[in-house]
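Here the structure comes first, spelled out in structure tokens, and everything after it is commentary.
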Amino acid sequence: MRILVISDIHANMTALETVLKDAENFDAVWCLGDLVGYGPDPNECVECIRNLPELVCLIGNHDAAVVNQLDASTFNPEARRSIEWTQEQLTAENLEYLSQLRNRIVLNQVTLVHGSPRSPTFEYLLDTYLATINFAYFETPYCFVGHTHLPVQYLLGNGQGFARLQIPPENKAIRMVSRSIFNPGSVGQPRDRDPRASYAFFDPENETWEYRRISYDIKAVQQRMRAASLPERHIQRLTGGW
Ligand code: ZN
Numbered sequence: 015m016r017i018l019v020i021s022d023i024h025a026n027m028t029a030l031e032t033v034l035k036d037a038e039n040f041d042a043v044w045c046l047g048d049l050v051g052y053g054p055d056p057n058e059c060v061e062c063i064r065n066l067p068e069l070v071c072l073i074g075n076h077d078a079a080v081v082n083q084l085d086a087s088t089f090n091p092e093a094r095r096s097i098e099w100t101q102e103q104l105t106a107e108n109l110e111y112l113s114q115l116r117n118r119i120v121l122n123q124v125t126l127v128h129g130s131p132r133s134p135t136f137e138y139l140l141d142t143y144l145a146t147i148n149f150a151y152f153e154t155p156y157c158f159v160g161h162t163h164l165p166v167q168y169l170l171g172n173g174q175g176f177a178r179l180q181i182p183p184e185n186k187a188i189r190m191v192s193r194s195i196f197n198p199g200s201v202g203q204p205r206d207r208d209p210r211a212s213y214a215f216f217d218p219e220n221e222t223w224e225y226r227r228i229s230y231d232i233k234a235v236q237q238r239m240r241a242a243s244l245p246e247r248h249i250q251r252l253t254g255g256w
């Protein structure tokens, strides 16, 4: 069984299409949230994801803000502008789809959240200190998170007091170690200074994780963002992956 794990698509249909093509064959898709926000293609992305096979999809903080489950004033002014633009664009059906997504799901020995097991929609697992604390908030051997847009793995071995951080190798299925928190990185807005779209494969039978990167046509997305008058900073950051 090959499960495609994606997160933080952020309405970037070019990146999403490229990832799905590159992933080629998979039996199920787990999407860790933030389908929309920042990017120019919210309807296209929601519709594409809704139709993926054996989909499990969580709500992200941008999705929650778009459907008014989260106060948009907690976002910076540019992100807020993009959320308001997204609200105007989304069809009633797609808004309805986002509004019924859950913020935490446990299956196949994995806890799935957007941000962190302690605070599923909001918290950013940006360092080993926060990761260590969060191991107490899930019971499964593994937890998958998105939200930081950084492809990393946090490990906490038996009897160890402090989690350590590891960047998984590219294009190589690694044996998963219990207990670990995995982040597949971001499809539509990577932030590790590598502008390529990021995703992963999870094989629950063999307990492996394979992290992948793929280049996509960033200029095409930036053109659509400019045409929609989306914030210039969000357009620029796609080039450098920050
Ligand atoms: Zn995000």
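Okay, so the sequence shown: first residue is 15 according to the working numbering, each after it adds one.
C-beta: ideal position from N, C-alpha, C; glycine also.
Model, not experiment: these values are computed from the prediction.
Asked	Found
Residue burial classification, Q203 (beta-carbon count within 10 angstroms, cutoff 16)	buried
Neighbourhood of A42 by C-beta distance below 6 Å, restricted to the same chain and skipping five residues each side	I17, E68
Cut-off 8 Å between Cβ atoms - residues of its own chain near Y52, not counting five sequence neighbours on either side	H24, A25, N26, H76, A93, S96, G202, Q203, L244, H248
Q180 - containing beta strand (DSSP E), residue span	178-180
Coarse secondary structure for T88, derived from DSSP in three states	helix
Touch test, the region 136-156 against the region 97-107, Cβ-Cβ under 8 Å, three pairs minimum	no
Nearest-angstrom Cβ-Cβ length linking G129 and V159, presumed shorter than 8 Å	6 Å
Alpha-carbon spacing of R193 relative to E221, whole angstroms	12 Å
One or two residues paired with L276 in a DSSP bridge	Look at the range of the chain in this structure, 15 to 256, and you will see that residue 276 is not part of it.
G74 beta carbon less than 8 Å from that of H161	yes
Buried or exposed by the 16-neighbour rule on C-beta atoms within 10 Å, applied to R207	exposed
Near ligand 1: H76 beta-carbon under 7 Å from a heavy atom	yes
Where A211 sits in the DSSP three-state scheme	strand
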